[in-house]
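Student: Have a look at the structure that comes next, please.
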Amino acid sequence: MTRQNIDPLMRRAAALITALAVLAVAVTTCLHAAEDASSHSASTGGTESEAHATGENAAASHGTEDGHGAEHAEGVPLSFKTDLALWSGVTFLVFVLVLRVFAWKPLIEALDAREAKIRNDIAEANAARQKAERLLKEHEQKLAETHATVRQMLEDAKQEAEQLRQRMLEEAQREADSARQQAMEAIATAKEQALAELFTRLADEIALATEHVLGRTVTDDDHRRLIEDALAQLSGRSS
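Going by our numbering, the first residue of the sequence shown is number 2, and it counts up by one from there.
Structure representation (structure tokens):
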């Protein structure tokens, strides 16, 4: 039962209680007025019958009527109070019965329904809070895992970059060493070629000079010996 259904029911119960209270007051007032009217009629009838009595018995009858009137005056209020109490009790019982059937029972049911709804709302709120806490914890866990994954990826990328840089440096070093070695070999080859050409030209010049000095042709053996001597001298100067 929702709040929109409970509030009209409570208003209806309050209106019913008010109406029953007004009805009880009205019934009690009517009973009181009826008893007053009955008592007043009885008192008027007794006075008229005393006026028609004989003269001799006037004093006695009047005395007797006064006594009877006193007894009636004392009896009517007692009867009035008894009837009023009886009707008041009956009215109260009817009022309580009607109130119990049409007011208190729906009111208690409405209050119970409201209490049950409040408990249900609290339970739903607790369930929603627990669900939110669980989702938040899962989100934080996933976020932590994502951060760990990103850190690992960055670390791997850093290591790969360092390894690549090291490989590039090693490759560049190897290329530089190879180029230097090739250059040295080329220089050595060029030096040898230059020396060979120089020695050949020098040997030719020496042979010509020797022929001019000796006045004879230099043989191949002489030519070879002169070259060896020249090479030996050059080697000694180089060392």
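No residue lacks a Cβ here, since even glycine has one placed at the ideal position from N, Cα and C.
#1: Would you kindly work out how many angstroms separate the C-alpha atoms of Phe93 and Arg130, rounded to a whole number?
#2: Which ranges does the alpha helix (DSSP H) cover as unbroken runs of at least 4 residues, wholly within the stretch 96 to 133, from first to last along the chain?
#3: Please report how far the alpha carbon of Ala126 lies from the alpha carbon of Glu110, in whole angstroms.
#4: Can you list, in chain order, the residues of its chain with a C-beta nearer than 8 angstroms to that of Glu116? Leave out the 5 residues immediately preceding and following it.
#5: Please report the straight-line C-alpha distance between Leu100 and Leu137, rounded to a whole angstrom.
#6: Does Ala145 pass the burial test, meaning 16 or more other C-beta atoms within 10 Å, or should it be called exposed?
#7: In whole angstroms, what separates the C-alpha of Glu206 from that of Gln234?
#8: For Leu170, is the classification buried or exposed, using 16 other Cβ atoms within 10 angstroms of its Cβ as the cut-off for buried?
#9: Alpha carbon to alpha carbon, what distance is there between Gln182 and Glu266?
#10: Whose C-beta lies closer than 8 angstroms to the C-beta of Glu198 among residues of the same chain, with five residues either side of it excluded?
Tutor: The short version:
#1: 51 angstroms
#2: none
#3: 24 angstroms
#4: none
#5: 52 angstroms
#6: exposed
#7: 16 angstroms
#8: Counting Cβ neighbours within 10 Å, Leu170 comes out exposed, since fewer than 16 surround it.
#9: This structure does not reach residue 266, given that the chain is present from 2 up to 240, and the question cannot be answered.
#10: Correct list: empty, nothing qualifies.
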